[in-house]
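Comments concern the structure below.
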Amino acid sequence: MKTYIKGLAVVGALSLAVSFAACSPANNDDPGDSGKLNLTVVGLLPGSTEEAYARLAEQVADFEKSNPDIKVTTVDYEWKATTFAADLAGGTLPDVFEIPFTDGKTLIANNQIANVNDLLAEFPYKGAFNEGVLQYGKGSDGQVYAIPAKSIYGVGLHYNRDLFTQAGLDPDQPPATWDEVRTAAKAISDATGVAGFCQMAQSNTGGWQITVDTYARGGRMETVDADGKATATLDNDATKASLEFLKELRWTDNSMGANFTYDWGSINQAFAAGQCGMYTSGQDVYVNLVDANGMSPDIYGLAMVPLEGADSGVLGGGTLAAISVNADDATKAAAVKWISYFYLGRYVDQAGAVAYTEIAVANGTPVGVPELPIFSDAALKDYQTWIEPYINVPVDQMTPFTSQIGSAKLVNEPPVSTQDVYAALDPVVQAVLTDQNADIDALLAEANVAAQREIDRAQS
Amino acid sequence: MKRSEQPVRDAATVSQTRLPERFKLWFRKGGLSALLFALPIIVVFGGFSWWPILRAMVMAFQDTNLIGDATWVGLDNFRWVLTDPDFPKALRNTGYFALLALIIGFPIPLIGAVLMSEVKKLRGLFSVLAYLPVVIPPVVSVLLWKFFYDGARTGVFNTLLGHIGLGPFPWLNDKHWAMPSLVLAATWAGAGATVIIYLAALISVPAELYEAAELDGAGIWRKIWHVTLPKLRGVLFITLILQIIATAQVFLEPYLFTGGGPNKATLTILLMIYNYAFGASLGADYGPATALSLMLAVFLAIFSLIYFRLTRGWSQ
Numbered sequence: 498m499k500t501y502i503k504g505l506a507v508v509g510a511l512s513l514a515v516s517f518a519a520c521s522p523a524n525n526d527d528p529g530d531s532g533k534l535n536l537t538v539v540g541l542l543p544g545s546t547e548e549a550y551a552r553l554a555e556q557v558a559d560f561e562k563s564n565p566d567i568k569v570t571t572v573d574y575e576w577k578a579t580t581f582a583a584d585l586a587g588g589t590l591p592d593v594f595e596i597p598f599t600d601g602k603t604l605i606a607n608n609q610i611a612n613v614n615d616l617l618a619e620f621p622y623k624g625a626f627n628e629g630v631l632q633y634g635k636g637s638d639g640q641v642y643a644i645p646a647k648s649i650y651g652v653g654l655h656y657n658r659d660l661f662t663q664a665g666l667d668p669d670q671p672p673a674t675w676d677e678v679r680t681a682a683k684a685i686s687d688a689t690g691v692a693g694f695c696q697m698a699q700s701n702t703g704g705w706q707i708t709v710d711t712y713a714r715g716g717r718m719e720t721v722d723a724d725g726k727a728t729a730t731l732d733n734d735a736t737k738a739s740l741e742f743l744k745e746l747r748w749t750d751n752s753m754g755a756n757f758t759y760d761w762g763s764i765n766q767a768f769a770a771g772q773c774g775m776y777t778s779g780q781d782v783y784v785n786l787v788d789a790n791g792m793s794p795d796i797y798g799l800a801m802v803p804l805e806g807a808d809s810g811v812l813g814g815g816t817l818a819a820i821s822v823n824a825d826d827a828t829k830a831a832a833v834k835w836i837s838y839f840y841l842g843r844y845v846d847q848a849g850a851v852a853y854t855e856i857a858v859a860n861g862t863p864v865g866v867p868e869l870p871i872f873s874d875a876a877l878k879d880y881q882t883w884i885e886p887y888i889n890v891p892v893d894q895m896t897p898f899t900s901q902i903g904s905a906k907l908v909n910e911p912p913v914s915t916q917d918v919y920a921a922l923d924p925v926v927q928a929v930l931t932d933q934n935a936d937i938d939a940l941l942a943e944a945n946v947a948a949q950r951e952i953d954r955a956q957s
Numbered sequence: 005m006k007r008s009e010q011p012v013r014d015a016a017t018v019s020q021t022r023l024p025e026r027f028k029l030w031f032r033k034g035g036l037s038a039l040l041f042a043l044p045i046i047v048v049f050g051g052f053s054w055w056p057i058l059r060a061m062v063m064a065f066q067d068t069n070l071i072g073d074a075t076w077v078g079l080d081n082f083r084w085v086l087t088d089p090d091f092p093k094a095l096r097n098t099g100y101f102a103l104l105a106l107i108i109g110f111p112i113p114l115i116g117a118v119l120m121s122e123v124k125k126l127r128g129l130f131s132v133l134a135y136l137p138v139v140i141p142p143v144v145s146v147l148l149w150k151f152f153y154d155g156a157r158t159g160v161f162n163t164l165l166g167h168i169g170l171g172p173f174p175w176l177n178d179k180h181w182a183m184p185s186l187v188l189a190a191t192w193a194g195a196g197a198t199v200i201i202y203l204a205a206l207i208s209v210p211a212e213l214y215e216a217a218e219l220d221g222a223g224i225w226r227k228i229w230h231v232t233l234p235k236l237r238g239v240l241f242i243t244l245i246l247q248i249i250a251t252a253q254v255f256l257e258p259y260l261f262t263g264g265g266p267n268k269a270t271l272t273i274l275l276m277i278y279n280y281a282f283g284a285s286l287g288a289d290y291g292p293a294t295a296l297s298l299m300l301a302v303f304l305a306i307f308s309l310i311y312f313r314l315t316r317g318w319s320q
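Just so you know, the protein sequences line up as chains A and B, in that order.
So the first sequence is numbered by my numbering: it starts at 498 and just counts up by one.
So the second sequence is numbered by my numbering: it starts at 5 and just counts up by one.
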């Protein structure tokens with residue numbers, strides 16, 4: 498019996514050792530497959546269709562045929578704020594991964610993504626990116642660290658055409674000024690009982706959207722001097738005016754409903770469910786509204802965020818492709834080839850555009866959502882012509898936006914400590930929406946101190 | 005031979021034996037089997053609990069993003085946390101949550117357990133009903149309560165209260181209402197486990213004590229005051245300190261319900277730690293996060309020691 502127990506213990510200990518050995522990470526650069534370099538890349542969203550996987554496999558095979566020394570392994574991936582930081586720190590991200598524009602500057606400042614400046618000429622059009630979007634992937638040293646890859650957007654005003662009609666408003670004539678937004682919100686709220694205008698306020702989205710409103714009124718959240726030193730200007734007049742606007746809607750007109758804890762996901766949910774007449778968010782949010790929230794395309798309308806005053810502009814955003822900072826030179830070179838092929842190839846030739854679009858079609862994802870040029874207007878126009886047969890979104894209902902965004906000024910996000918600036922502004926938006934006596938000046942002064950503290954730390 | 009001499013002689017014998025013989029003796033007495041049996045749990049605890057704790061203690065004095073080389077920064081992380089304007093707010097909010105949880109969350113399970121112990125029939129059913137919320141996954145229960153807490157007139161709670169002429173209340177959308185709303189949901193979710201502990205303790209109170217009290221003419225309240233509560237004293241002190249420790253580390257409710265809002269009204273210490281590590285700075289502020297974690301752990305350890313020292317006499 499004693500021997501049996503000892504044997505059992507030995508077996509237990511050995512199994513544990515074997516389990517740990519099995520858990521040890523595999524070596525990415527292991528030239529196990531006939532000396533090929535193994536490159537892990539972002540693949541499809543979890544839950545994609547079999548057909549989409551088949552299309553992706555075709556693309557991988559095509560790429561490997563042109564690059565016989567590279568073996569590509571795709572990983573299902575969905576960027577989530579809550580898991581991204583842990584994945585990044587834990588080293589479990591693929592060699593090529595996607596990040597939102599909003600996080601580029603912070604990740605670069607933290608030395609968490611690789612510098613690709615020397616490889617810029619390897620990209621399509623010899624790296625002649627639209628400077629307005631490329632700057633999101635640039636560090637304070639002017640070097641390029643991440644590449645604009647997809648879903649390049651300006652923030653727009655999304656509105657519910659059904660609710661407009663019910664409120665006696667013309668859905669083909671969306672509001673063009675903030676005063677008209679206020680009037681429409683009141684009309685919707687009075688006629689239907691749902692919120693006429695909704696505003697994000699949580700998880701840094703409150704700060705993000707009040708920055709949108711500020712830019713639309715000509716203000717800025719930071720100034721950067723000749724030496725590159727940033728100063729927080731959260732207490733500028735345009736931000737104050739934006740908050741006063743929200744205060745009027747909330748407390749004078751009572752046209753914002755009763756939920757003030759919206760973030761990006763929950764406001765999309767509410768809008769798709771017909772609980773919001775209007776809200777501001779990225780122009781590409783249509784995909785989420787239809788795909789994840791089952792919105793009927795018929796109710797959807799997209800207009801410009803009203804631009805008022807000198808120096809007003811539209812805040813832009815999108816998705817960057819980045820490479821792990823731990824990647825060696827060979828992996829970086831392979832990653833650049835993959836980014837050029839997979840993300841940017843559609844702007845170069847029709848075959849690339851069709852292959853990329855067919856994956857979206859196979860996944861049932863909307864095709865033809867307005868986007869801004871990664872390279873040039875001409876390249877974007879070519880791409881749009883190539884995918885025209887596949888377009889399945891109501892482009893006519895987006896005309897108020899698409900007809901004007903081209904001539905609008907795109908303004909970059911606050912360049913230093915972007916997310917910290919947004920985090921400092923969240924409580925201000927929340928206070929204005931939940932406290933009738935909120936002192937906007939005092940709140941902004943406090944937020945400015947908090948943001949400056951983070952900026953100083955980032956620049957020290 | 006006196007009986008007390010035996011262990012002394014054994015000890016002397018062991019100390020005189022040579023090391024290989026002591027090892028053989030240890031082996032023969034089953035030391036190796038015991039070690040091998042314990043090895044998995046030692047490795048698992050060491051790898052997934054003790055090692056991360058030690059690493060966190062080291063990181064509290066470093067500047068690191070877990071990718072590049074860490075640099076020693078002395079007490080800078082502690083200074084950063086202590087001068088953070090949000091720190092006093094988070095401290096106050098955590099204390100407020102703990103206080104509310106004590107006022108609302110401590111007596112409710114006790115009252116529930118006492119009432120249930122008085123019920124002779126269907127006690128099992130009541131126990132199951134009380135424990136049911138504990139079985140529901142916390143995230144699910146929070147989402148459920150979030151739906152109930154809809155601040156609109158048509159929200160579930162507001163509709164129900166509207167029938168008796170109350171409300172509508174803003175619930176999570178108001179800085180004064182948000183924290184009590186969180187405590188209410190947390191109490192609902194956690195009370196069941198405490199009820200079961202109290203119920204077990206109550207059932208173990210000898211029935212003769214109640215009979216004697218009845219013979220002395222005691223009513224239900226006097227029985228509770230003079231028999232039940234004194235008998236539960238030990239359990240009460242333990243559950244109280246456990247509750248204080250748990251509420252000092254409250255994270256789930258403020259994170260999922262309000263994200264710390266509105267206007268930081270529900271920002272707690274744990275949420276601040278999370279924000280440092282995984283929030284606004286995209287995971288770069290591990291130093292301040294671990295520094296604040298360390299401060300909280302030290303505070304709770306000292307608090308527990310003082311608590312047990314103060315209550316040592318009372319709980320007997």
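Beta carbons: idealized from backbone N, C-alpha and C, even for Gly.
Since the structure is predicted, the reported quantities are computational estimates derived from the model, not experimental observations.
Contact with chain B by residue i, beta-carbon distance below 8 angstroms
i, result
"A:G814", "no"
"A:F757", "yes"
"A:G629", "no"
"A:Q901", "no"
"A:G754", "yes"
"A:T931", "yes"
"A:T687", "Looking at the sequence itself, residue 687 of chain A is Asp, so the reference to Thr does not match. Cβ-Cβ to chain B under 8 angstroms: no for A:D687."
Any chain A beta carbon closer than 8 angstroms to residue i
i, result
"B:K227", "no"
"B:K124", "no"
"B:D333", "Outside the shown range of chain B (5 to 320) lies residue 333 of chain B, about which nothing can therefore be said."
"B:I273", "no"
"B:D178", "yes"
"B:F282", "yes"
"B:N97", "no"
"B:G263", "yes"
Separation of residue j from residue i, as counted between CA atoms
i, j, result
"A:A800", "A:V782", "13 angstroms"
"A:L590", "A:G806", "43 angstroms"
"A:S739", "A:Q780", "20 angstroms"
"B:I306", "B:E122", "38 angstroms"
"A:S521", "A:L585", "Low confidence applies here, because A:S521 scores a pLDDT of 42, under 50, leaving its location unreliable; read the following figure in that light. Using only the alpha carbons, I get a separation of about 17 angstroms."
"A:V866", "B:A295", "46 angstroms"
"A:N765", "A:A948", "28 angstroms"
"B:I108", "B:A117", "15 angstroms"
"A:Q901", "A:F661", "21 angstroms"
"A:I871", "A:F626", "6 angstroms"
"A:G754", "A:N657", "15 angstroms"
"B:M183", "A:L553", "48 angstroms"
"A:A767", "B:G128", "42 angstroms"
For residue i, three-class secondary structure by DSSP
i, result
"A:S739", "helix"
"B:A102", "helix"
"A:T899", "helix"
"A:F661", "helix"
"A:T862", "coil"
"A:M775", "strand"
"A:H655", "strand"
"A:V538", "strand"
Of the listed residues the options, nearest to residue i (C-alpha basis)
i, options, result
"A:G540", "A:A551, A:G532, A:K533, A:L534", "A:A551"
"A:E868", "A:A625, A:A646, A:V572, A:K623", "A:A646"
"A:A1033", "A:T828, A:L731, A:A770, A:D722", "This structure leaves residue 1033 of chain A out entirely; chain A is present only between 498 and 957."
Contact test: residue i Cβ vs the ligand GTP heavy atom, cutoff 7 angstroms
i, result
"A:G865", "Only the bare structure without any ligand can be found here, which leaves the ligand GTP out of the picture."
Burial state of residue i, where buried means 16 or more other Cβ atoms lie within 10 Å
i, result
"B:V144", "exposed"
"B:R157", "exposed"
"B:W225", "exposed"
"A:E575", "exposed"
"B:P92", "exposed"
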